[in-house]
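S.K.: After the structure tokens below, expect a handful of questions from me.
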Amino acid sequence: MEMTLRWYGAAFDTVTLEQIRQIPGVTGVITTLYNTAPGEVWSRERIRAMKEEVEAAGLHIAGIESVNVHDAIKTGAPERDGYIDNYIETLENLGKEDVHLVCYNFMPVFDWPRTELARRRPDGSTVLAYTQEAVDALNPEQMFESIAGDTNGAVMPGWEPERMEHVKELFAQYREVDEEKLFENLRYFLERIMPVCDQYDIRMAIHPDDPAWSVFGLPRIITSQKNILRMMKMVDNPHNGVTFCSGSYGTNLENDLPGMIRALKGRIHFAHVRNLKFNSPTDFEEAAHLSSDGTFDMYEIMKALYDIGFSGPIRPDHGRMIWGEKAMPGYGLYDRALGACYLQGLWEAIEKGEK
Ligand SMILES: [Mn+2]
């Protein structure tokens, strides 16, 4: 595995490449052209400029998170083919610039919702948290307002104001889309992009839906072992793979995380590893990465990745806000750096224990 950190670009991130370079063991970043809209073509020039900036800091681009999928593709609207053509062109340009990993998601309307962006924990740190009861009491516009008003000035990925202004229209577009339709639209998209992925060896890594169940009545399909295996078989190509995100699959306590990792052997192209602390099955908060701080056995998760021979990039995921840092919720430097070191410690111990 290669340890990496997510980075949003100099114009959007409070964390610098120079800081990332000093986290022991971190050699790559997972980045994106954050100021592009879903459906827009990423030019080679812009990709190259981003690459040169990262490389000048002594790091490399280990993958893209995300190239966002336009809603027309997810809903199967008549204009989807034009957007898929654009997506293919972006993949081609990434391939030509030697980028071979793309994380994306197929969540309708919203990326990951949280009901609190700064829940205080007993140690004084603040974390992202979710309660189903709070979601049930809100409508989507209220949810957007509460998220937009509490981000330390950052734009949250998947919650861009330009998109959320149209939240009602977006919901209307999904009115006819149920789970089966969404699977079908995903299949159509994947079948069209696989040739360019084969040509440039681009590993597509779908991110799970978070939380791993339907919210606001919208269909969600990347939620469980059964569904993700269905998706793998539906377009049976090694370039059709997954981002294994322990914090997202882990929102459903019925998901056996190490078991899922083993079942997905060969198709996990990217891993997000983080811990959650459950206060009840419908109330969780994002803990420090350590097993002892949350609900998951992080050793077993890393051991499963080791056992399947996982060799892709891995990154610590959302961190707590600690030591007075002000950053995009979940994406400060300090706690993610602690997470990167802890995960590498687990890996080293597993590796040496096996030898
Ligand atoms: Mn994730």
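If you read the sequence shown in the working numbering, its first letter stands for residue 20, the second for the next number, and so on. We put the beta carbon where it would ideally sit given N, CA and C, even for glycine.
Ligand 1 heavy atoms versus the CB of residue 226: any closer than 7 Å?
M.R.: Within the sequence shown, the letter at position 207 stands for residue 226. True, at least one ligand heavy atom lies under 7 Å from that Cβ.
S.K.: Using the Cα positions of residue 327 and residue 67, report the straight-line distance between them to the nearest angstrom.
M.R.: In the sequence shown, residue 327 corresponds to position 308, counting from 1. In the sequence shown, residue 67 corresponds to position 48, counting from 1. Each residue's Cα considered, the two are about 33 Å apart.
S.K.: Per DSSP, residue 362 forms a beta bridge with which residues?
M.R.: What you label residue 362 is simply residue 343 of the sequence shown in a count that begins at 1. BP columns for residue 362 are empty, so no partner.
S.K.: Tell me which residue opens and which closes the alpha helix (DSSP H) that residue 211 is part of.
M.R.: As a first step, residue 211 must be located in the sequence shown, where it is residue number 192. First-last of the alpha helix (DSSP H) with residue 211: 198–219.
S.K.: Using a threshold of 8 Å, state whether the C-beta atoms of residue 144 and residue 340 are closer than that.
M.R.: Within the sequence shown, numbered from 1, the residue matching residue 144 stands at position 125. Within the sequence shown, numbered from 1, the residue matching residue 340 stands at position 321. A contact, by the Cβ cut-off of 8 Å.
S.K.: Using 8 Å for Cβ pairs, my map puts residue 61 next to residue 112. What's the rounded Cβ distance?
M.R.: On the sequence shown, residue 61 is found 42 positions in, with the first residue counted as 1. On the sequence shown, residue 112 is found 93 positions in, with the first residue counted as 1. Right, the Cβ-Cβ distance comes to about 6 Å (below 8 Å), so this counts as a contact.
S.K.: Closer than 7 Å: is that where the CB of residue 266 sits relative to any heavy atom of ligand 1?
M.R.: The residue given as residue 266 occupies position 247 in the sequence shown. Yes.
S.K.: Which of the three DSSP states, helix, strand or coil, is assigned to residue 123?
M.R.: Taking the sequence shown and counting its residues from 1, the one referred to as residue 123 is at position 104. Strand.
S.K.: From which residue to which residue does the alpha helix (DSSP H) around residue 186 run?
M.R.: Mapped onto the sequence shown, residue 186 falls at position 167. Note, residue 186: alpha helix (DSSP H), 186–192.
S.K.: With distances taken from CA atoms, which of 158, 285, 250, 244 is nearest residue 265?
M.R.: If you number the sequence shown from 1, residue 265 lands on position 246. Comparing Cα-Cα distances from residue 265 to each of 158, 285, 250, 244, the minimum goes to 244.
S.K.: Quick one: measure Cβ to Cβ for residue 80 and residue 48, integer angstroms, because I've assumed they're closer than 8 Å.
M.R.: Taking the sequence shown and counting its residues from 1, one reaches residue 80 at position 61. Taking the sequence shown and counting its residues from 1, one reaches residue 48 at position 29. Their Cβ separation, rounded to whole angstroms, is 6 Å, which keeps residue 80 and residue 48 in contact under 8 Å.
S.K.: Give me, in chain order, the residues of the same chain whose beta-carbon lies closer than 6 Å to that of residue 354; leave out the 5 immediate sequence neighbours on both sides.
M.R.: For the purposes of this step, residue 354 is identified with residue 335 of the sequence shown, where counting begins at 1. Only 338, 339, 341 meet the Cβ criterion.
S.K.: Mind reading off the beta-carbon distance from residue 222 to residue 291? Whole number of angstroms is fine, and I expect it under 8 Å.
M.R.: What you label residue 222 is simply residue 203 of the sequence shown in a count that begins at 1. What you label residue 291 is simply residue 272 of the sequence shown in a count that begins at 1. Rounded, the Cβ-Cβ distance is 15 Å, inconsistent with contact.
S.K.: What are the residues that DSSP puts in a beta bridge with residue 83?
M.R.: For the purposes of this step, residue 83 is taken as residue 64 along the sequence shown, with counting starting at 1. DSSP, once it has assigned bridges, lists 50, 121 as partnering residue 83.
S.K.: Compute the Euclidean distance between the alpha carbons of residue 236 and residue 318, then round it to the nearest angstrom.
M.R.: The residue labelled residue 236 in the question sits at position 217 within the sequence shown. The residue labelled residue 318 in the question sits at position 299 within the sequence shown. Near 35 Å, if we compare the C-alpha coordinates of residue 318 and residue 236.
S.K.: Is residue 291 near ligand 1 - that is, is its Cβ less than 7 Å away from at least one heavy atom of it?
M.R.: Along the sequence shown, one-based indexing puts residue 291 at 272. Yes, the beta carbon of residue 291 sits closer than 7 Å to at least one heavy atom of ligand 1.
S.K.: Under a three-way DSSP split, which group does residue 149 fall into?
M.R.: By one-based count along the sequence shown, residue 149 stands at place 130. Three-state result, residue 149: strand.
S.K.: On a CA-only basis, which of 97, 86, 90 is nearest residue 109? Give me that one, please.
M.R.: On the sequence shown, residue 109 is found 90 positions in, with the first residue counted as 1. The shortest C-alpha separation from residue 109 is found at 86.
S.K.: For residue 228, I'd like the list of residues in its chain whose CB is within less than 6 Å of its CB, leaving aside the five on either flank, ordered along the chain.
M.R.: The residue given as residue 228 occupies position 209 in the sequence shown. 126, 239, 241, 242, listed in sequence order.
S.K.: Note the first and the last residue of the continuous alpha helix (DSSP H) segment covering residue 95.
M.R.: Stepping through the sequence shown from its first residue, residue 95 is reached at position 76. Neither: residue 95 is in no alpha helix (DSSP H) and is coded neither H nor E.
S.K.: Quick check: the stretch 356–363 against the stretch 296–308, are there 3 or more CB pairs under 8 Å?
M.R.: Short answer: they touch.
S.K.: Below 7 Å CB to CB, which residues in the same chain sit around residue 251 once its five sequence neighbours on both sides are set aside?
M.R.: On the sequence shown, residue 251 is found 232 positions in, with the first residue counted as 1. Around residue 251: 259, 286.
S.K.: Just tell me which of 159, 261, 158, 364 has its CA closest to the CA of residue 209.
M.R.: Here the question's residue 209 lines up with position 190 in the sequence shown. The option with the nearest alpha carbon to residue 209 is 261.
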